[in-house]
Ligand SMILES: Cc1cc2nc3c(=O)[nH]c(=O)nc-3n(C[C@H](O)[C@H](O)[C@H](O)COP(=O)(O)O)c2cc1C
């Protein structure tokens with residue numbers, strides 16, 4: 001049975017009294033999870049909504065605690081790292097990570113960046129060795145799959161699209177995912193939210209269908 005880590009990041013919920021206020025990225029992730037549950041009903045699912053419950057930002061004391069050897073860590077330092085320890089253990093358990101994210105200011109929400117800053121940690125998720133030359137960082141984990149589900153107000157962020165160079169969401173998450181041990185990266189995008197026209201309806205419909213198809217494929221692989 002596979003373990004799935006589900007991270008949501010939009011600041012919006014999915015049960016607003018006005019449906020138009022609901023998070024599109026979270027609702028597409030929910031479609032993926034619904035299908036996955038049917039096919040993997042005994043598999044564990046860990047859910048974190050960092051939009052609703054943002055992780056703490058890291059601080060100078062946090063960085064100092066990370067670089068203090070375990071044997072010398074004070075109780076305060078251990079407490080400061082306990083959220084990071086928990087979030088990392090959730091990544092360690094996961095075979096598949098499903099991450100839903102809004103595009104805010106052409107990148108990820110600050111809450112999702114805060115999650116990455118808590119999780120990508122020396123000696124825990126990566127090692128650093130100058131003997132490796134110009135690329136001293138190496139991930140510790142391996143073999144994971146990440147599915148990134150995004151929603152944006154504008155469109156054309158794909159490779160060759162009219163806003164490719166403005167896309168600091170998918171490429172950033174893909175770069176970081178290497179340090180979580182991700183070896184296969186999938187992306188599903190809903191676009192045009194701000195245009196609120198047929199292109200938006202089609203984009204969201206296609207994204208829900210892609211989420212179902214990918215859940216089927218990954219659950220059965
Ligand atoms: C603070 C904020 C910043 C946004 N910045 C962008 C942006 O840079 N580019 C874009 O295409 N859409 C942008 N949008 C639109 C959102 O990406 C869009 O509403 C998306 O559907 C939000 O995801 P959600 O529906 O899952 O909440 C922004 C929306 C908000 C609230």
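In UniProt numbering, the protein residues as written are 1 to 221.
Quick reminder that beta carbons are idealized off the backbone N, C-alpha and C, glycines included.
Just to confirm before moving on: does the CB-CB distance between residue i and residue j stay below 8 Å?
i           : j           : result
residue 118 : residue 71  : no
residue 127 : residue 180 : no
residue 77  : residue 65  : yes
residue 10  : residue 102 : yes
residue 147 : residue 182 : no
residue 24  : residue 204 : yes
residue 216 : residue 188 : no
residue 172 : residue 107 : yes
residue 50  : residue 112 : yes
Just how far apart, CA to CA, sit residue i and residue j?
i           : j           : result
residue 44  : residue 87  : 15 Å
residue 75  : residue 82  : 10 Å
residue 164 : residue 73  : 44 Å
residue 2   : residue 210 : 20 Å
residue 176 : residue 116 : 8 Å
residue 21  : residue 13  : 8 Å
residue 61  : residue 110 : 20 Å
residue 169 : residue 42  : 32 Å
residue 90  : residue 198 : 39 Å
residue 33  : residue 131 : 42 Å
residue 105 : residue 158 : 16 Å
residue 184 : residue 19  : 33 Å
residue 63  : residue 40  : 38 Å
residue 166 : residue 174 : 15 Å
Who does residue i pair with in a DSSP beta bridge?
i           : result
residue 147 : 98 and 186
residue 138 : 127
residue 104 : 107
residue 49  : 8
residue 200 : Note: residue 200 sits in no beta bridge, so no partner.
residue 168 : 107
residue 122 : 126
Assuming residue i and residue j form a contact by the criterion Cβ under 8 Å, report the distance between their Cβ atoms to the nearest whole angstrom.
i           : j           : result
residue 201 : residue 29  : So it is not a contact: roughly 19 Å between Cβ atoms.
residue 68  : residue 212 : About 46 Å; that fails the 8 Å criterion.
residue 98  : residue 178 : With a Cβ gap of about 18 Å, residue 98 and residue 178 do not count as contacting.
residue 36  : residue 219 : 5 Å
residue 129 : residue 139 : So it is not a contact: roughly 13 Å between Cβ atoms.
Spell out a yes or no on whether the stretch 144 to 161 and the stretch 188 to 198 are touching, meaning 3 or more CB-CB pairs, one atom from each, closer than 8 Å.
Judged by Cβ distances under 8 Å, the stretch 144 to 161 makes contact with the stretch 188 to 198, as three or more pairs qualify.
Cβ contact (3+ pairs, closer than 8 Å) linking the stretch 53 to 71 and the stretch 131 to 148:
With the cut-off at 8 Å, the stretch 53 to 71 and the stretch 131 to 148 do not touch.
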